[in-house]
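Note sheet for the following structure.
Numbering (our numbering), first residue to last: 12 to 303.
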C-alpha cells in the first residue's frame with residue numbers, strides 16, 4: 012500500500028513539475044526581478060546597479076502622468092466592460108433560441124475573435140476618421156454633427172473602448188452561451204407552467220444562474236482592460252495630449268523609450284497590485300449583490 016502511494020506521488024510530481032518550472036520561469040522570476048530592479052538604480056549602458064530603496068515608488072505616486080494614465084484606464088473599463096458583458100449576455104440569449112441558422116450566426120459572431128488586431132485597428136481607424144469615416148457619415152445622415160473620435164482628448168479613449176466592445180462581445184457571448192446551456196431546461200419549463208413571463212424568467216432564473224460566468228467575465232475584463240496596450244499604441248499612439256495612454260503604454264515608454272528601467276518596473280508592480288485589488292473587490296461585490 013505504501014509502495015503504491017509513493018508511486019502515485021512520483022506520478023503527481025512528474026505532472027506538476029512542468030507547470031512549476033513554467034511558473035517559476037515566466038511568473039515568479041520576472042516578478043522578483045521587477046521588484047529588485049524597482050528598488051535599484053540600473054544603468055544598462057554604464058553597467059551600474061545601485062540601491063535606492065522605494066524612491067521610485069514615491070516618485071510614481073507624485074507623478075501627475077501616472078494618475079492621468081490610471082484615469083484613462085478607468086474610463087476604458089467603465090465603458091468597455093459593462094457594454095461587452097451586456098452585449099455578450101444579449102447575444103448568448105439570442106443564440107440560445109431554437110431558430111433556423113443559429114449555427115451560422117454563432118460563427119459570424121465569433122469572427123472578431125479570430126481576426127488579427129492590426130486588421131481591426133485599420134478598419135476601425137478608418138471608421139472613426141473625422142473626415143470621411145463611415146460613422147460620421149451616418150451621423151450626418153441623421154443631421155448630427157461629426158465627432159472627432161480619435162483626435163479629441165474627450166473621445167479618444169471612449170473610441171478605443173467602443174472598438175474593443177465590438178471585438179470582445181463575441182468572447183463573452185460564447186462564454187455566456189456555454190453557461191446558458193448548462194442551466195437545466197426543467198427550471199424554465201416549470202416557470203412557464205406557473206405562468207411566469209419571459210422577462211421574469213430571465214431576471215429570476217437565467218441571470219442569477221449566470222452569476223459565476225458574470226464574475227469571471229468582470230474579473231477577466233478588468234485584467235485585460237488594465238493590460239490594454241496594442242490598440243492605443245496603433246490607433247492614437249496614446250494621444251492626443253496623453254488622453255488615451257494607459258498604464259501599460261506609460262510603462263513601455265518609460266522603460267524602452269527613455270531607458271528608465273527602475274521606474275518602469277515600479278509602474279509594473281503597482282499596476283499588478285491594482286489589478287489584484289480590483290479583482291478582489293469586484294468579486295466580493297458581485298457575490299454580495301447577487302442572490303440565488
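A virtual CB, placed ideally from N, CA and C, is assigned to each residue, including glycine.
Could you tell me the boundaries of the beta strand (DSSP E) in which residue i lies?
i, result
"residue 53", "51 to 54"
"residue 62", "59 to 62"
Roughly how many angstroms separate the alpha carbons of residue i and residue j, rounded to a whole number?
i, j, result
"residue 199", "residue 44", "53 Å"
"residue 237", "residue 147", "29 Å"
"residue 194", "residue 242", "36 Å"
"residue 267", "residue 53", "13 Å"
"residue 27", "residue 225", "30 Å"
"residue 38", "residue 260", "20 Å"
"residue 156", "residue 142", "12 Å"
"residue 283", "residue 206", "49 Å"
"residue 215", "residue 297", "16 Å"
"residue 92", "residue 286", "14 Å"
"residue 32", "residue 40", "10 Å"
"residue 82", "residue 295", "23 Å"
"residue 249", "residue 75", "16 Å"
"residue 108", "residue 203", "16 Å"
"residue 49", "residue 251", "29 Å"
"residue 221", "residue 279", "33 Å"
"residue 254", "residue 95", "22 Å"
"residue 228", "residue 25", "33 Å"
"residue 231", "residue 201", "34 Å"
"residue 258", "residue 51", "21 Å"
"residue 12", "residue 30", "Model confidence at residue 12 stands at a pLDDT of 48, short of 50, so the residue's coordinates are unreliable and nothing is read from them."
"residue 124", "residue 239", "16 Å"
"residue 246", "residue 212", "42 Å"
"residue 7", "residue 127", "Outside the modelled stretch of the chain, which goes from 12 to 303, sits residue 7, for which no answer is possible."
"residue 133", "residue 262", "24 Å"
"residue 84", "residue 170", "13 Å"
"residue 306", "residue 172", "Within the shown structure, residues of the chain are numbered from 12 to 303, placing residue 306 beyond reach of any answer."
"residue 160", "residue 244", "15 Å"
What are the boundary residues of the alpha helix (DSSP H) that residue i is part of?
i, result
"residue 178", "167 to 192"
"residue 84", "75 to 106"
"residue 70", "66 to 72"
"residue 152", "145 to 152"
How about residue i: is its C-beta nearer than 8 Å to some C-beta of chain D?
i, result
"residue 184", "Among the chains of the structure shown, chain D does not appear; only one protein chain is present."
Quick one: grab the DSSP three-state call for residue i.
i, result
"residue 44", "helix"
"residue 30", "helix"
"residue 140", "coil"
"residue 127", "coil"
"residue 284", "helix"
"residue 25", "helix"
"residue 135", "helix"
"residue 155", "coil"
"residue 109", "coil"
"residue 292", "helix"
"residue 161", "coil"
"residue 114", "helix"
In chain order, which alpha helix (DSSP H) runs of at least 4 residues are fully inside the region 225 to 277?
241 to 246 and 258 to 263
In chain order, which continuous runs of the alpha helix (DSSP H) of length 4 or greater are located wholly inside the region 201 to 227?
209 to 212
Segment contact flag, the region 175 to 195 with the region 101 to 108, C-beta cutoff 8 Å, min 3 pairs:
yes
Indicate whether the contact test is met: 3 or more Cβ pairs, each with one atom in the region 137 to 156 and one in the region 64 to 75, closer than 8 Å.
no
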